[in-house]
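Quick mapping for you: the protein sequence lines, in order, are chains A and B.
Take any residue in the first sequence, count from 1 to its spot, add 10: that is its number in this note's numbering.
Take any residue in the second sequence, count from 1 to its spot, add 10: that is its number in this note's numbering.
Beta carbons: idealized from backbone N, C-alpha and C, even for Gly.
Keep in mind that this is a model prediction, so the values were computed, not measured.
2 protein chains.
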Amino acid sequence: VTVSELGEHALVSRIRARLSPPRRDVVIGIGDDAAVVTGARNAHAVLTVDALVEGVHFKRRWSSPGDVGHKALAVNLSDLAAMGAEPQWALLSLIVPGAHVVDEIDGLVDGLSALAAVHGVSVVGGNVARTDGPLIVDVTAIGAVRPRRMLRRSGGRPGDELYVTGTLGGAAAGLEMLASGDTASDAERAACVARHRRPEPRVRTGLAMSRARAARAAMDLSDGLADAVRQIAAESGCGAIVEADALPIEPGARRWWTDSAREVTIAALVGGEDYELLFAVPPAWKGRLRAARQRAASPPLTRIGRLTSDPGVMILAREGRREPLPAGFEHFRC
Amino acid sequence: VTVSELGEHALVSRIRARLSPPRRDVVIGIGDDAAVVTGARNAHAVLTVDALVEGVHFKRRWSSPGDVGHKALAVNLSDLAAMGAEPQWALLSLIVPGAHVVDEIDGLVDGLSALAAVHGVSVVGGNVARTDGPLIVDVTAIGAVRPRRMLRRSGGRPGDELYVTGTLGGAAAGLEMLASGDTASDAERAACVARHRRPEPRVRTGLAMSRARAARAAMDLSDGLADAVRQIAAESGCGAIVEADALPIEPGARRWWTDSAREVTIAALVGGEDYELLFAVPPAWKGRLRAARQRAASPPLTRIGRLTSDPGVMILAREGRREPLPAGFEHFRC
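Structure (structure tokens):
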């Protein structure tokens, strides 16, 4: 059955039936003109939207419908995590070719819904629209953060140490593996491909850092580490230096770009879509950082450099030379 | 200059520069991982999302970029108005072909921004993504409503009178005029075309009805009057009867379908996109209704029928016969 054959109202009912029961703070969920929710007291609302476009952000031959649904929510939860916010609700806007089969929409909704359940998020509304173009999954996510715990990009100061969650370069390597057809010859490769298909938003770490007030600035790595460092530095009015030797490169990615250490480093810096978090932590806040690490032990946090009063954004290469950090990844230019 | 040539970061900066300064309750606007706002006290948050897809919801040869920007926000403000909510913030998610010229994005943002200013809405964030398909403008709007003033679809009771704002059939007639090439031979036709291009969301009336507690249920007419009556009746566990003679048909639409009164009535019932509001008002609440009308005198509210304990949804035709209400408009089936 295609979505055209099913019709808009029936498709909405079908999506609604696959979602988990709503959180208690949902007053009106799917089925009215708009959703109505009760905001947390003493907290700001945090709002973000991000779209996955077929052929640009995913290919149906490389990602299952469930992967796409997962990732469409994950990229938004990553943005909330980077603000230190607790995710609460999501809106799902689907732009669907009429010939799309309904089973694939089911899979997409299931993938999104499973990740929503992990993080206590309710899908409270959305929209379905027809298109003559590619499938687009546009998700709005809403969360809450206490004013004093909010993590901005602009809060950093010279001397703050830069920490990153998890590992780098896995998603970019996974995408190259998919393009080359060599995807699952071992567990390390499979891990890279999974990083591309189903990134795990670092919600727990973002909350832990926010609650322990362990960071002065934060940002997610949707467009790669180099872009994130550059933006935190610029917004904070600082420079930065990143130590190439310190970068926690995903093992499968290190093996994938085995030709040269330099190539590995560049890929880890500019490869997008790792959806790790970058934090700026003053050296004096070590105790708070320890508290945050106790709240969220996994994935590990790795110190990769620091903010500087010098305005440049540099990398300390393995050979001890300083070079300008390579440019980041920009969607329209790739 | 095309959006590909400009690049994603520069496009976001350009959009940001065209928007009005934010409301006071915006803590962080465009430029961080997510937007942060301060919710109103003692109010629920109201959330909605709706997309305009080129070739499906608009054609670039019939609507200017400014028209598209206006309408993309208007359809969302209409949903908030139907809940009795005060609009506060919006997120703009643009899915843009790389070859699209930046000037048209400017026009689109200006159209959206002008309507936002009229209703005191701040565009606090969004996203731009590239597509190989049509231009898509997906807007999320957020508003606030006090719990006891919220207007649901399900609140109606048998005997409640049905009122509709403004006029019906104008947008559908305007779309046919555009298709036929006869668009502006007189002011009445131009008014219909304007209804298609730039619907005015009935924010003031929705707020007036909500604040005066004059309605027990409400819904907007995005998919036509017949669909709205059917849905309010179903959600309220009632039937409904609509009086054909009472329908406030847009003058240009009446002339456009001049062949038969029956055709005019059906077009006014099933023609989508008028974005008027439908309210269910108990007969005993006449005083409250009067108060609401004083708060928002324009557009007029017209009584068009009532909810019934009889489960059918009927129309009382001009000749005195009762017939089932024709089916509404469904996007995937048109």
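Between the alpha carbons of A/Arg272 and A/Glu329 lies a distance of about 10 Å. The beta carbons of A/Met219 and A/Gly94 sit closer together than 8 Å. Taking 8 Å as the cut-off, the Cβ atoms of A/Ala183 and A/Pro209 do not count as close. Its chain contains Arg163, Met229 as the residues whose beta carbon lies nearer than 8 Å to that of B/Gln241, once the 5 sequence neighbours on both sides are disregarded; these appear in chain order. For A/Gly153, the closest of A/Ile38, A/Gly165, A/Leu57 by C-alpha to C-alpha distance is A/Leu57. For A/Gly297, the enclosing alpha helix (DSSP H) stretches over residues 296-305. With a cut-off of 8 Å on Cβ pairs, the stretch 194-206 of chain B is not in contact with the stretch 47-54 of chain B, counting fewer than three such pairs. For B/Trp295, no CB of chain A lies under 8 Å from its own CB, so it is not counted at the interface with that chain.
Relative to the Cα of B/Asn137, the nearest Cα in the group B/Glu15, B/Pro157, B/Val119, B/Leu287 belongs to B/Val119. Look at the stretch 33-61 of chain A: the residues with a C-beta under 9 Å from a C-beta of chain B are Val37, Ile38, Gly41, Asp42, Asp43, Ala44, Ala45, Val46, Val47, Thr48, Gly49, Ala50, Arg51, Ala53, His54, Ala55, Val56, Leu57, Thr58, Val59, Asp60, Ala61. Counted as a single uninterrupted DSSP element, the stretch harbouring B/Glu329 is not any beta strand (DSSP E), since DSSP gives it neither H nor E. In this structure, B/Ala278 is the residue among B/Pro157, B/Glu245, B/Ile25, B/Ala278 with its C-alpha nearest to the C-alpha of B/Pro258. Within the stretch 207-266 of chain A, the runs of beta strand (DSSP E) that reach at least 3 residues and sit entirely inside it are, in chain order, 227-230, 249-253. Contact check for B/Tyr173 against B/Val252 fails: the beta carbons are separated by 8 Å or more. Rounded to the nearest whole angstrom, the C-alpha separation of B/Arg223 and B/Arg300 is 11 Å. By the Cβ neighbour-count rule, B/Glu15 is exposed, with fewer than 16 other Cβ atoms within 10 Å of its own. The stretch 32-42 of chain A and the stretch 105-121 of chain A do not touch, with fewer than 3 CB-CB distances between them shorter than 8 Å. Contact between B/Val149 and B/Asp60 is confirmed by a C-beta separation of about 6 Å, below the 8 Å threshold.
In its chain, beyond the 5 residues on either side, Ala183 have a beta carbon closer than 6 Å to the beta carbon of A/Trp266. Flagged as an interface residue toward chain B: A/Ala92, by a C-beta distance shorter than 8 Å. Residues of the stretch 220-247 of chain A whose Cβ lies closer than 7 Å to any Cβ of chain B, in chain order: Met229, Asp230. A/Ser74 has its alpha-carbon roughly 13 Å from the corresponding atom of A/Leu188. Boundaries of the alpha helix (DSSP H) around A/Asn86: 75-92. Per DSSP, the continuous alpha helix (DSSP H) segment holding B/Arg272 begins and ends at 271-280. Proximity of chain B to A/Val274 at the Cβ level (cut-off 8 Å) is not reached, the minimal Cβ distance being about 26 Å. Each residue's CA atom was taken as its position, placing B/Ala225 and B/Thr177 some 19 Å apart.
As the crow flies, the alpha-carbon of B/Leu21 is around 23 Å from that of B/Ala84. If you look at B/Ile146, you'll find it in the beta strand (DSSP E) that goes 146-155. Considering only beta carbons, the part of the stretch 108-142 of chain A lying closer than 7 Å to chain B consists of Gly108, Val134, Gly135, Gly136, Asn137, Ala139, Arg140, Thr141, Asp142, in chain order. Taking the CA atoms as reference points, A/His19 sits about 17 Å from A/Glu114.
Closest in alpha carbon position to A/Glu286, among A/Ser270, A/Glu260, A/Gln98, is A/Glu260.
Remark: C-beta atoms of B/His206 and B/Leu185 approach each other more closely than 8 Å. At least 8 Å separates the CB of B/Val11 from every CB of chain A. Residue environment analysis places A/Glu96 among the buried positions, since at least 16 neighbouring C-beta atoms fall within 10 angstroms of its C-beta. Boundaries cannot be given for A/Leu29, as no alpha helix (DSSP H) includes it and DSSP labels it neither H nor E. B/Pro336 sits in coil when the DSSP states are folded into three classes, being neither helix nor strand.
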